[in-house]
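Report on the structure given below.
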Amino acid sequence: MRRQRCFPLPGGEGLRVRGTGANEYEGFPLSNSGLTDAPCPAFTHWKHRGTTYKQPPCAGFCAGQNIEFPSLPGGNHSRYLMRVMRQRRKIAVMAGNLLEWFPVHARSLPWRRTRDPYAIWVSEIMLQQTQVKTATPYWKRWMRELPTVAALAAAPEQRVLKLWQGLGYYTRARNLRRAAQLVVARHGGIIPDRLDDLLALPGVGRYTAGAVASIAFNQPAAILDGNVTRVLARLFGITRSPREAAVNRRLWELAAAMVGAAAESKAPRACSRLNQALMELGALVCLPRQPKCDSCPLRQPCAARRKGLVGEIPAARLRPSAERRYHEVFVLENNGRFLMRQNPDAGVNRRLWQFPGYESQAAHRPTPADLLGRLGIVAARLEPLKTVRHQIMRYAIETRAHRAEFQRQEHSWAKPGRWVSLKELAALPLPSAHQKIAQMLTGGAQSETPSGASRLRRRRPGRAAPIPPPPSGSGSCPSPAPRRRVRGVPGG
DNA sequence: TTCCGGTACG
DNA sequence: CGTACCGGAA
2 MRRQRCFPLP GGEGLRVRGT GANEYEGFPL SNSGLTDAPC PAFTHWKHRG
52 TTYKQPPCAG FCAGQNIEFP SLPGGNHSRY LMRVMRQRRK IAVMAGNLLE
102 WFPVHARSLP WRRTRDPYAI WVSEIMLQQT QVKTATPYWK RWMRELPTVA
152 ALAAAPEQRV LKLWQGLGYY TRARNLRRAA QLVVARHGGI IPDRLDDLLA
202 LPGVGRYTAG AVASIAFNQP AAILDGNVTR VLARLFGITR SPREAAVNRR
252 LWELAAAMVG AAAESKAPRA CSRLNQALME LGALVCLPRQ PKCDSCPLRQ
302 PCAARRKGLV GEIPAARLRP SAERRYHEVF VLENNGRFLM RQNPDAGVNR
352 RLWQFPGYES QAAHRPTPAD LLGRLGIVAA RLEPLKTVRH QIMRYAIETR
402 AHRAEFQRQE HSWAKPGRWV SLKELAALPL PSAHQKIAQM LTGGAQSETP
452 SGASRLRRRR PGRAAPIPPP PSGSGSCPSP APRRRVRGVP GG
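For the first sequence, this note's numbering gives the first residue as 2, with consecutive numbering after it.
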């Protein structure tokens with residue numbers, strides 16, 4: 002029995018099937034049904050290093066390398082190889098199209114105008130779960146304030162969180178800072194270019210490591226994010242859910258094949274460009290809803306388009322409907338200062354600051370008695386201030402802020418907090434809902450997104466003035482602060 | 001109101 | 001491998 006090599010894919014020297022020419026199988030019905038990881042139909046066993054296995058290691062294309070197997074010239078196995086070959090050729094064409102498309106159509110984004118791995122890394126972390134439009138002003142401010150790994154490593158956590166405020170997923174910011182410290186300690190402040198070293202950094206997973214390796218260092222590392230998943234699933238007509246482990250594996254293979262094909266091209270910085278092109282196509286053309294297939298550079302080979310499945314791919318995830326939650330929070334004023342509390346080290350929004358409050362089962366109008374019972378605080382003139390709605394995971398949270406005049410703290414069990422001036426308040430990192438409430442106090446016009454906040458720069462949060470009116474249980478009642486009109490409070 | 005999404009962690 | 005984390009856009 003003759004033996005034949007299963008050539009490495011992607012990349013490699015090209016497939017040669019003995020006794021067959023490239024055109025012999027033109028017209029062979031390609032499996033475009035998406036997951037092509039069905040084993041080669043031609044054989045039921047294969048040999049690798051002396052061991053015989055029942056099935057080929059091939060997932061999709063012959064992914065296994067240097068594996069010998071019995072050849073069946075002209076038979077099913079050759080057909081299989083032909084399919085593999087055509088798939089590869091198709092991928093090379095698609096990669097070429099993308100490489101040409103990108104420089105013409107890509108948005109000019111600030112992190113694309115640099116090759117500084119730190120700048121690119123920061124952008125990739127920010128762009129996790131966050132859209133370009135949102136992240137851009139944050140990135141600019143961040144690079145201004147913390148322009149190097151060393152600067153980030155040396156920055157106090159509270160300052161880093163403040164710079165992140167509004168982006169959500171605050172663990173990203175904490176991890177970014179820790180990772181910078183590790184880069185300083187382990188790599189002398191130089192961002193490593195090896196995938197393994199990148200993966201060892203907190204907050205850097207498979208996607209981000211690949212993104213930094215390819216975009217900053219032009220290595221043929223695969224990336225698969227939401228955009229790329231959608232593009233590849235449609236391109237290859239993958240109808241099964243990308244969340245299935247096997248499908249996800251397949252998508253990573255395809256992503257690797259794409260960047261591998263780019264690596265063989267002559268285009269400058271091809272790997273960097275290809276990966277960015279895949280994401281850019283997903284962001285500009287291959288949109289989740291209403292994709293712009295007419296202007297897609299890959300409309301020709303796109304399997305989903307040919308089959309009219311663009312709307313069905315990628316398979317949607319079913320989510321349980323959101324459960325309603327209510328947070329009652331209190332803007333307690335005392336002599337121009339407001340009571341704020343810092344979250345503990347565990348749980349939601351850890352180490353961010355919030356107005357004191359509690360969770361309630363249903364929306365209701367809290368009474369002074371509620372306030373005393375829940376927070377141990379006696380207050381006067383309770384009135385609704387603002388309601389903020391947002392959705393987190395399966396919870397639709399309604400945060401209802403109430404304004405009240407602090408009188409005294411009754412219970413020693415009550416959690417302490419810090420009384421802060423408006424200026425100090427503006428420097429604390431707050432979750433978005435609370436930031437929106439704080440904006441009612443500091444004046445609606447001033448936004449705490451990077452675009453608007455000028456007067457807050459240079460502040461070092463967390464170093465606020467000595468803690469004012471200690472809520473002592475003594476019962477001594479601070480003289481009521483003169484009532485200040487606060488903008489945004491409905492008259493009456 | 002619904003949908004979208006990388007990484008860490010258990 | 002399922003779940004928690006967040007905010008924004010359609």
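Ideal Cβ positions, reconstructed from N, Cα and C, are used throughout, including at glycine.
Bear in mind the structure is a predicted one, so any value in this text is a computation, not a measurement.
Pair within 8 Å by beta-carbon distance, residue i and residue j
i, j, result
"Leu202", "Leu233", "no"
"Met259", "Met95", "yes"
"Val161", "Arg178", "yes"
"Ala380", "Gln343", "no"
"Pro302", "Lys91", "yes"
"Val150", "Ile192", "yes"
"Leu164", "Trp143", "yes"
"His403", "Glu313", "no"
"Leu373", "Glu324", "no"
"Pro369", "Leu383", "yes"
"Gln166", "Gln436", "yes"
"Ala223", "Ala257", "yes"
"Leu236", "Asn98", "no"
"Glu125", "Ala262", "no"
"Leu100", "Ala268", "yes"
"Met127", "Leu183", "no"
"Ala415", "Gly377", "yes"
"His391", "Ala434", "yes"
"Gly310", "Gly238", "Here residue 310 turns out to be Leu, not Gly, going by the sequence shown. Going by C-beta atoms, Leu310 is nearer than 8 Å to Gly238."
DSSP state of residue i mapped onto helix, strand, coil
i, result
"Leu319", "coil"
"Ala268", "coil"
"Gly358", "strand"
"Val185", "helix"
"Thr135", "helix"
"Val332", "strand"
"Glu411", "coil"
"Leu177", "helix"
"Pro111", "helix"
"Gly65", "Here Gly65 scores only 35 on pLDDT, less than 50, and its place in the model is too uncertain to base an answer on."
"Ala397", "strand"
"Tyr170", "coil"
"Glu281", "helix"
"Val205", "coil"
"Leu73", "The predicted position of Leu73 is uncertain, since its pLDDT is 35 and thus under 50; a value taken from the coordinates is nonetheless stated next. Looking at Leu73 - three-state DSSP - the assignment turns out to be coil, as it is neither helix nor strand."
"Val150", "helix"
"Thr230", "helix"
"Leu388", "According to the sequence as given, residue 388 is Thr; it is not Leu. If DSSP states are grouped into helix, strand and coil, Thr388 belongs with the strands."
"Ala222", "coil"
"Ala258", "helix"
"Gln291", "coil"
"Gln553", "Residue 553 is absent from the structure shown; the chain starts at 2 and stops at 493."
"Pro30", "With a pLDDT of only 28 at Pro30, under the threshold of 50, the placement of this residue in the model should not be trusted; the figure read from the coordinates follows. In the structure shown, Pro30 sits in coil (DSSP, three-state: anything other than H, G, I, E or B)."
"Val349", "coil"
"Met2", "Any answer about Met2 is weak, because its pLDDT of 31 lies below 50 and its placement is not dependable; what the coordinates show is given next. If DSSP states are grouped into helix, strand and coil, Met2 belongs with coil."
"Leu200", "helix"
"Arg116", "coil"
Among the options, nearest to residue i - alpha-carbon criterion
i, options, result
"Pro243", "Asn335, Ala364, Ala316 and Glu384", "Ala316"
"Ala405", "Tyr139, Leu196 and Glu334", "Glu334"
"Gly348", "Tyr327, Asp194, Thr172 and Ala151", "Thr172"
"Leu225", "Asn249, Leu236, Cys297 and Ser266", "Asn249"
"Arg338", "Ala156, Ala107, Thr443 and Leu236", "Thr443"
"Ile121", "Gly377, Gln440, Ala210 and Gly227", "Ala210"
"Ile278", "Trp140, Trp414, Pro104 and Leu383", "The question names Ile, but residue 278 in the sequence shown is Ala. Ranking Trp140, Trp414, Pro104 and Leu383 by Cα distance to Ala278 puts Pro104 first."
"Lys134", "Arg108, Pro118, Thr115 and Tyr119", "Arg108"
"Ile438", "Lys424, Phe331 and Val123", "Phe331"
"His365", "Ile378, Tyr396, Gly227 and Thr388", "Thr388"
"Leu285", "Pro157, His106, Arg187 and Ala181", "His106"
"Arg157", "Ala181, Thr137 and Pro138", "Here the sequence assigns Pro to residue 157, which means Arg is not the residue at that position. Considering only alpha carbons, the answer is Ala181."
"Ile398", "Tyr327, Glu425, Tyr170 and Asn336", "Tyr327"
"Gly190", "Ala212, Gln220, Leu196 and Pro148", "Pro148"
"Leu255", "Trp420, Ser433 and Ala93", "Ala93"
"Ala155", "Ala186, Pro432 and Leu310", "Ala186"
"Gln159", "Glu360, Asn350, Trp420 and Arg401", "Asn350"
"Tyr170", "Gln129, Gln355, Trp140 and Glu146", "Gln129"
"Arg114", "Thr137, Thr131, Arg306 and Gln132", "Thr137"
"Gln132", "Tyr208, Leu196, Met280 and Asn336", "Met280"
Nearest-angstrom Cβ-Cβ length linking residue i and residue j, presumed shorter than 8 Å
i, j, result
"Pro417", "Leu353", "The pair is not a contact, with the Cβ atoms about 17 Å apart (cut-off 8 Å)."
"Cys294", "Arg231", "Actually they are not in contact, since the Cβ atoms of Cys294 and Arg231 sit about 13 Å apart, beyond 8 Å."
"Met341", "Leu426", "7 Å"
"Gln220", "Asp194", "7 Å"
The stretch 214-232 / the stretch 268-276 touching (three or more Cβ pairs under 8 Å): yes
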